[in-house]
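In my numbering, the protein residues as written are 2 to 145. From the three backbone atoms N, C-alpha and C, an ideal C-beta is built for every residue, glycine too. In this text, all values refer to a predicted model and were calculated from it rather than measured experimentally. Okay, so here's the structure we're looking at.
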């Protein structure tokens, strides 16, 4: 499904400050929604999708870059979950370049490093995150 930036951010309850150039936003649930470039992903370990980038790489709207820095600092300080919106370059029916976005609601990330420029977010599947975050027995196990 093709989404524009505003629609993609909206899937996580966030509204970007700029409908075309936003790099991040804070969602209504407090999570950081991050616009991700496909070339910045890696796999450092099984079950981990790492996103690594630098604020200094951004050459677009300076206000969007500044806001991303503020959002990253807040995510670090408050240990906010990070949600992913991925840039999906493509072509329109006329053959002209077109940018769409897709979301990964099954992944949730944590900011593991931010030095004011370089930042690293590790994403894991939501189910795995809940299993490790909540070690309490399931309701079925409690009934036994």
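Would you kindly work out how many angstroms separate the C-alpha atoms of residue i and residue j, rounded to a whole number?
i	j	result
residue 55	residue 95	34 angstroms
residue 31	residue 82	8 angstroms
residue 63	residue 85	21 angstroms
residue 107	residue 65	26 angstroms
residue 6	residue 20	6 angstroms
residue 133	residue 57	Its pLDDT being 45, under 50, residue 133 is placed unreliably by the model, and nothing is read from it.
residue 110	residue 71	17 angstroms
residue 46	residue 8	31 angstroms
residue 116	residue 79	15 angstroms
residue 75	residue 33	9 angstroms
residue 137	residue 128	Confidence at residue 137 is low in this model, with a pLDDT of 43, below 50, so the placement of that residue should be treated as unreliable; the coordinate-derived value is given next. Distance between the alpha carbons of residue 137 and residue 128: 14 angstroms.
Keeping to the same chain, check which residues put their C-beta closer than 7 angstroms to that of residue i; ignore five residues upstream and five downstream.
i	result
residue 14	28, 29 and 30
residue 120	54, 73, 112 and 114
residue 39	87 and 88
Hey, could you find the ends of the alpha helix (DSSP H) residue i is sitting in?
i	result
residue 67	63-79
residue 7	6-11
Candidates the options: which alpha carbon is nearest residue i's?
i	options	result
residue 125	8, 63, 118 and 113	113
Would the beta-carbon of residue i fall within 8 angstroms of that of residue j?
i	j	result
residue 52	residue 100	no
residue 104	residue 37	no
residue 22	residue 61	yes
Could you check whether the Cβ of residue i sits closer than 8 angstroms to any Cβ belonging to chain C?
i	result
residue 9	Here there is only one protein chain, and chain C is not present.
Span of the beta strand (DSSP E) holding residue i?
i	result
residue 16	Premise fails: residue 16 is in no beta strand (DSSP E) and is neither H nor E.
residue 54	49-55
Leaving out five residues on either side along the sequence, give the residues of the same chain with a beta carbon under 8 angstroms from the beta carbon of residue i.
i	result
residue 59	24, 65, 66 and 69
residue 41	52, 53 and 54
residue 118	55, 56 and 57
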